[in-house]
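Enquirer: Protein chains in written order, with our numbering: chain A, 578 to 734; chain B, 1043 to 1117.
Glycine included, every Cβ here is placed at the ideal spot set by N, Cα and C.
What follows is a single structure, and I will ask about it in a moment.
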């Protein structure tokens, strides 16, 4: 027998999560179908370049834009989650165990741990890719130097 | 109360099963289902979508690795 507290604290959030996932998938499907009509849009959906520092090719402006993008996403996501947590706590269930404090500090700690790691990994990946590109370009140049050009025509007397 | 965790696990198993089934079907190109990557790419075009995804990721990390843990992360 399901108690009312179980329904409020477990079933409702789970149902909400399920509806959220299904709505997301449905939204994606709708967008994808709409995009299929426009072939150029379709191309950007499937084979477009990924977002990130690669598009900026290591330029300072690219990294600044990426940092701004990441900062906006981080702050927005954090505030959104805190809003949901507060609504859940005051509207659905008064969960014990320093719920609010843990939400604010725990997620902030995750951000502090994850962001530098992600930034370092992105920088190393980009550096590795640039080095690979330089090596490939150098090999191509060396190959082009070895290929003999067309012979000059003999002078006619 | 002993049935409480079992019901929770069953519902979560169903949710993840549905998700994996969706991804499998879309990767197998059955019908015109978009893959999760397609869906996420579309969502991440919009700031609110990025915020929601980041909030979801943050919640998962907090829920699984911070809340209730007494080793290393919590005194």
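If you drop the 5 nearest sequence neighbours on each side, which residues of the same chain put their C-beta closer than 6 angstroms to that of residue 700 of chain A?
Expert: Answer for residue 700 of chain A: no residue qualifies.
Enquirer: I need the straight-line Cα distance from residue 659 of chain A to residue 594 of chain A, nearest angstrom please.
Expert: When rounded, the distance between both Cα atoms is 16 angstroms.
Enquirer: Within the chosen definition, does the segment 1085-1100 of chain B reach the segment 647-663 of chain A through at least 3 CB pairs nearer than 8 angstroms?
Expert: With a cut-off of 8 angstroms, the segment 647-663 of chain A and the segment 1085-1100 of chain B count as touching, because enough Cβ pairs lie within range.
Enquirer: Measuring only between beta-carbons, confirm whether residue 661 of chain A sits less than 8 angstroms from chain B.
Expert: Chain B, which has a Cβ nearer than 8 angstroms to the Cβ of residue 661 of chain A, makes this yes.
Enquirer: Should residue 1096 of chain B be flagged as near chain A, meaning a C-beta pair shorter than 8 angstroms?
Expert: True, the Cβ-Cβ gap to chain A drops below 8 angstroms.
Enquirer: Quick one: does residue 581 of chain A have its CB under 8 angstroms from some CB of chain B?
Expert: Taking Cβ atoms only, chain B never reaches closer than 8 angstroms to residue 581 of chain A, which makes this a no.
Enquirer: Could you give the residue range of the alpha helix (DSSP H) that holds residue 1106 of chain B?
Expert: Per DSSP, residue 1106 of chain B belongs to no alpha helix (DSSP H) and is neither H nor E.
Enquirer: Which residues, taken in chain order from the segment 662-673 of chain A, show a beta carbon closer than 9 angstroms to some beta carbon of chain B?
Expert: Flagged, chain order: 662.
Enquirer: Answer yes if the segment 661-669 of chain A comes into contact with the segment 685-694 of chain A, meaning at least three C-beta pairs across the two stretches below 8 angstroms, and no otherwise.
Expert: As far as the Cβ criterion goes, the segment 685-694 of chain A does not touch the segment 661-669 of chain A, which means the pair count is below three.
Enquirer: Please report the distance separating the alpha-carbon of residue 1048 of chain B from that of residue 706 of chain A.
Expert: Distance between the alpha carbons of residue 1048 of chain B and residue 706 of chain A is about 48 angstroms.
Enquirer: Can you tell me the Cα-Cα spacing of residue 678 of chain A and residue 1053 of chain B, whole angstroms?
Expert: Distance between the alpha carbons of residue 678 of chain A and residue 1053 of chain B is about 28 angstroms.
Enquirer: Out of A:642, A:644 and A:669, point me to the one whose CA is closest to residue 581 of chain A's CA.
Expert: That would be A:669, whose Cα lies nearest to the Cα of residue 581 of chain A.
Enquirer: Residue 657 of chain A and residue 1104 of chain B: beta carbons closer than 8 angstroms?
Expert: Not in contact: residue 657 of chain A and residue 1104 of chain B (Cβ atoms no closer than 8 angstroms).
Enquirer: What residues in the segment 1079-1093 of chain B bring their beta carbon closer than 7 angstroms to a beta carbon of chain A?
Expert: Result list: 1080, 1081, 1083, 1084, 1085, 1089, 1092 and 1093.
Enquirer: Cβ of residue 1101 of chain B within 8 angstroms of Cβ of residue 602 of chain A?
Expert: Not a contact, by the Cβ cut-off of 8 angstroms.
Enquirer: Just checking my contact of residue 1061 of chain B with residue 598 of chain A at CB under 8 angstroms: how many whole Å lie between their CB atoms?
Expert: Confirmed, about 7 angstroms.
Enquirer: Quick one: what's got a C-beta closer than 7 angstroms to residue 1091 of chain B's C-beta in the same chain, skipping five residues either side?
Expert: These residues qualify, in order along the chain: 1085.
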